[in-house]
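*Asks:*
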Amino acid sequence: MNTLFSTVLLSLLTIGMLLLSGCGNSGSDSSDDVTAVTVADPPTIDTATSGDTSASIAFTAPTENGGATITGYEVTCIAGEDPISATGSESPIVVTDLINDTTYSCSVTASNSAGASTESSAVSVTPEASVVTDADFEATDWTEESHSKNVDPNLSEVFNDMTVKRFDFVVTEERWQSMLDDMTATYGEMGQSSTGGPGLISSDEDPIFVPAEVYYNGTQWYRVGIRFKGNSSLQTSWSQGILKLSFKMDFDEFEDDYPQIKNQRFYGFKKFSLKNNFDDKSHLREKVAADVFAKAGLAVSHTAFYRLYVDHGNGPEYFGLYTLVEEVDGTVLDTQFISDDGNLYKPEEGGANFVDGAFAEENFEKKTNEDEADWSDVLALFAALHDDTASTDPATWRANLESVFDVDGFLKYLAVNGIIQNWDTYGKMTHNFYLYNDPETEKLTWIPWDNNEALQDGKLGGALALSFSNIQANAWPLIEKLYADEIYKAQYNSYILEVIANAFEPTITQDLYDSYSALIEPYATTEVDGYTFLDDADDFYNAISELKAHVSSREDAVNAYISGQ
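Residue numbering for the sequence shown follows my numbering, starting at 29 and increasing by one per position.
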């Protein structure tokens with residue numbers, strides 16, 4: 029009996045130990061697990077402020093983030109069936125493209141690694157047209173020559189290579205603050221990274237335009253539209269706390285609000301880009317690169333040096349030395365082609381690499397004839413480029429390609445771009461060029477744009493070699509297919525020799541650097557903290573020396589390339 033009892037007792041104890049052991053292991057495993065991440069609680073909307081076709085939604089972050097960092101917010105406003113959304117990294121977020129005098133219901137969600145939260149409680153907001161209170165004025169400085177649309181662009185007045193001219197912007201304190209608030213809503217507080225890391229925020233919205241008075245040589249231009257401009261350069265400058273930002277200027281942007289400025293122009297020009305020479309301590313790259321393209325006989329924007337002062341309520345402040353750049357979708361077409369009636373495209377991302385089958389309309393934004401849903405000229409280029417005759421009948425392939433594309437101009441562009449080493453464009457990046465269907469030839473013509481990264485070895489692995497030996501295979505067919513053709517390669521090689529002997533001849537280019545650097549030195553080296561990319565004046569002088577050394581190195585590169593052919 030005692031033996032039986034002992035056996036049963038031992039068995040029960042063994043089973044109990046096993047059960048306890050299992051529970052213990054389970055408990056141990058559980059203690060090692062990371063708490064599961066869930067979606068965050070919804071944010072709380074504080075205020076909804078109506079604007080002209082817009083609404084600014086201010087909100088408080090969720091009290092519980094779900095165990096993970098909030099990565100972004102999305103505001104959605106709906107009136108009817110089609111919601112309109114905007115995203116941002118913090119409050120407030122501005123939703124645009126709303127219809128005035130229409131009541132919208134707006135809510136906000138927060139996202140973390142687990143996804144989006146439920147929507148917040150909704151608020152109502154009704155956008156309404158802004159009331160213009162400063163329309164009662166007389167444009168007393170207006171003259172036919174300086175302000176009218178009825179004159180040819182005065183290139184010698186506006187784009188003078190031998191002087192540094194001056195612009196003064198005068199903008200009300202309220203309007204200036206609205207520009208800064210808009211930047212904060214999109215990119216976060218100035219001087220702080222809005223992403224928490226090195227990445228950039230993707231935004232489809234341009235910064236807002238506001239009216240400002242522009243003064244030049246003592247003459248006033250009235251209610252000119254100004255806004256900040258740029259992509260990576262704009263975000264990086266802002267996050268670094270540098271207010272020397274690039275501007276877009278449009279002289280009749282607000283003509284509907286101010287009838288006095290209907291068709292206002294600046295010596296025949298409607299709009300400009302005023303570029304801040306981002307990441308260019310020499311302040312010369314944008315200017316010199318454009319000069320070289322022009323000397324090679326290619327269509328390109330005119331450029332000139334301007335110093336900028338801005339008065340936003342505290343008197344004129346020196347914002348630094350800028351480069352004024354002619355807009356391609358303006359007078360470049362008017363003055364360098366027979367007309368501006370053709371389709372102008374600004375390719376960007378995706379199909380802008382011209383890979384077979386990659387075409388998408390959104391990657392070829394139309395800058396003219398926008399109301400005509402016609403991309404047949406671009407589609408024809410894709411078809412001709414990728415036709416099988418490239419290998420079976422090269423002569424026919426070349427003839428078909430040349431019927432829709434200015435191949436000769438593109439080959440010369442490749443020669444110039446390769447010699448000056450401009451990495452931030454086609455061949456490395458799917459941006460910074462235009463395509464224009466020239467009405468005279470009915471061929472798409474390549475127009476370079478945004479050259480502030482030129483004249484250096486380059487980033488992200490450097491600029492393309494003259495032989496394209498470092499190009500990513502099958503990623504840039506407009507270069508690869510042309511260079512693989514013996515006829516086109518020979519023409520490209522001849523342009524390489526022509527450019528180094530003329531447009532980028534080393535001695536002439538060295539002299540140009542000396543001339544331009546002496547011209548801008550007083551204005552570049554006196555930029556002030558918060559409005560400069562220079563640490564000190566030596567940065568400027570060292571950058572000029574680097575440019576001059578670069579010229580010599582490119583002559584050596586050309587000689588090495590040609591000798592290897």
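Ideal Cβ placement from N, Cα and C applies to all residues, glycine included.
Note that the structure is a prediction, hence the values are computed from the model and not measured.
Whole angstroms are fine: how far does the CA of Tyr132 sit from the CA of Glu109?
*Replies:* 11 Å
*Asks:* Since I believe Leu439 is in contact with Tyr520 (beta carbons under 8 Å), could you give me their beta-carbon distance rounded to a whole number of angstroms?
*Replies:* 5 Å
*Asks:* Using only the alpha-carbon positions, how far apart do Phe496 and Glu202 sit?
*Replies:* In a straight line, the C-alpha of Phe496 is about 52 Å away from that of Glu202.
*Asks:* Pull up the DSSP beta-bridge partners for Val356, would you.
*Replies:* Per the DSSP secondary-structure output, Val356 pairs with nothing in a beta bridge.
*Asks:* Between the alpha carbons of Ala68 and Thr264, how many angstroms are there, rounded?
*Replies:* 29 Å
*Asks:* Check for me: the beta strand (DSSP E) holding Glu390 runs from which residue to which?
*Replies:* Per DSSP, Glu390 belongs to no beta strand (DSSP E) and is neither H nor E.
*Asks:* Enumerated in chain order, which unbroken segments of the beta strand (DSSP E) with a length of 3 residues or greater are wholly contained in the segment 324-356?
*Replies:* 331-339 and 345-354
*Asks:* Suppose the cutoff is 6 Å on Cβ atoms and the five residues either side in sequence are ignored; what does the same chain contact list for Asp57 look like?
*Replies:* The pLDDT assigned to Asp57 is 47, lower than 50, so where the model puts this residue is not dependable; a value taken from the coordinates is nonetheless given after this. Nothing meets the Cβ criterion.
*Asks:* For Ile515, count the other beta carbons within 10 Å of its own beta carbon; 16 or more makes it buried, fewer makes it exposed. Which is it?
*Replies:* Exposed.
*Asks:* Evaluate the contact criterion for the segment 295-304 versus the segment 271-281: three or more CB pairs, one atom per stretch, below 8 Å.
*Replies:* yes
*Asks:* Taking 8 Å as the cut-off, decide whether the C-beta atoms of Thr537 and Val586 are in contact.
*Replies:* no
*Asks:* If Val360 sits next to Ala327, beta carbons under 8 Å apart, how far is it from one beta carbon to the other, in whole angstroms?
*Replies:* 7 Å
*Asks:* Which residues share a DSSP beta bridge with Ala595?
*Replies:* Absent from the model: residue 595. The displayed extent of the chain is 29 to 593, so no value can be given.
*Asks:* Would the segment 284-293 and the segment 335-346 be scored as touching if the rule is three or more Cβ pairs under 8 Å?
*Replies:* no
*Asks:* Just to confirm my understanding: we take Ile127, look at its own chain, exclude 5 residues before and 5 after, and list those with CB closer than 8 Å. What are they?
*Replies:* Thr81, Ala107 and Pro155
*Asks:* So which of Gln484, Tyr346, Tyr454 and Ile447 has the shortest CA-CA distance to Glu526?
*Replies:* Ile447
*Asks:* Closest by CA to Phe532, which one among Gly437, Tyr441 and Phe347?
*Replies:* Tyr441
*Asks:* How many angstroms separate the CA atom of Thr560 from the CA atom of Asn498?
*Replies:* 34 Å
*Asks:* Could you name the residues of the same chain whose beta carbon sits closer than 6 Å to that of Thr146, not counting the 5 residues immediately before and after it, in chain order?
*Replies:* Same-chain partners within the cutoff: Pro70.
*Asks:* Mark Gly455 as exposed unless 16 or more other C-beta atoms lie within 10 angstroms of its C-beta, in which case mark it buried.
*Replies:* buried
*Asks:* Buried or exposed, going by whether 16 or more other CB atoms sit within 10 Å of the CB of Glu481?
*Replies:* buried
*Asks:* Taking only three categories from DSSP, how would you classify Asp466?
*Replies:* strand
*Asks:* If we count Cβ pairs, one from each stretch, closer than 8 Å, do we get three or more for the segment 308-320 versus the segment 540-559?
*Replies:* yes
*Asks:* Please say whether Asp466 and Thr473 have beta carbons closer to each other than 8 Å?
*Replies:* yes
*Asks:* Return the bridge partner residues of Arg194 from the DSSP annotation.
*Replies:* Arg335
*Asks:* At the level of alpha carbons, what is the spacing between Leu409 and Tyr511?
*Replies:* Taking the straight line from one Cα to the other gives about 17 Å.
*Asks:* Tell me the DSSP secondary structure of Ser39 in three-state form.
*Replies:* Any reading at Ser39 needs caution, since the residue's pLDDT is 47, under 50, leaving its predicted position unreliable; the model's value is listed next. Helix at Ser39.
*Asks:* Less than 8 Å between the C-beta atoms of Val136 and Ser78, yes or no?
*Replies:* no
*Asks:* Grouping DSSP H, G and I as helix and E and B as strand, with all else coil, what is Glu514?
*Replies:* helix
*Asks:* Note the first and the last residue of the continuous beta strand (DSSP E) segment covering Leu262.
*Replies:* Here Leu262 belongs to no beta strand (DSSP E); instead the alpha helix (DSSP H) covers Ser260 to Ser267.
*Asks:* Looking only at C-alpha atoms, which of Ser367, Ser431, Thr553 and Ala86 sits nearest to Thr212?
*Replies:* Ala86
*Asks:* Measure the CB-CB distance between Tyr101 and Thr91 and report whether it falls below 8 Å.
*Replies:* The criterion of a C-beta distance shorter than 8 Å is not satisfied by Tyr101 and Thr91.
*Asks:* What's the gap between the Cα of Asn74 and the Cα of Asp234?
*Replies:* The sequence as given places Asp at residue 74; Asn does not occur at that position. Using only the alpha carbons, I get a separation of about 25 Å.
*Asks:* Measuring straight from C-alpha to C-alpha, what distance separates Asp567 and Lys272?
*Replies:* 17 Å
*Asks:* Assuming Phe14 and Val406 make a contact with CB atoms under 8 Å, what is their CB distance in whole Å?
*Replies:* Only positions 29 to 593 of the chain appear in this structure, which leaves residue 14 out of reach.
*Asks:* Please state whether DSSP places Thr223 in a helix, a strand or coil.
*Replies:* Legend: pLDDT at Thr223 = 47, less than 50; position of this residue unreliable, no value from coordinates given.
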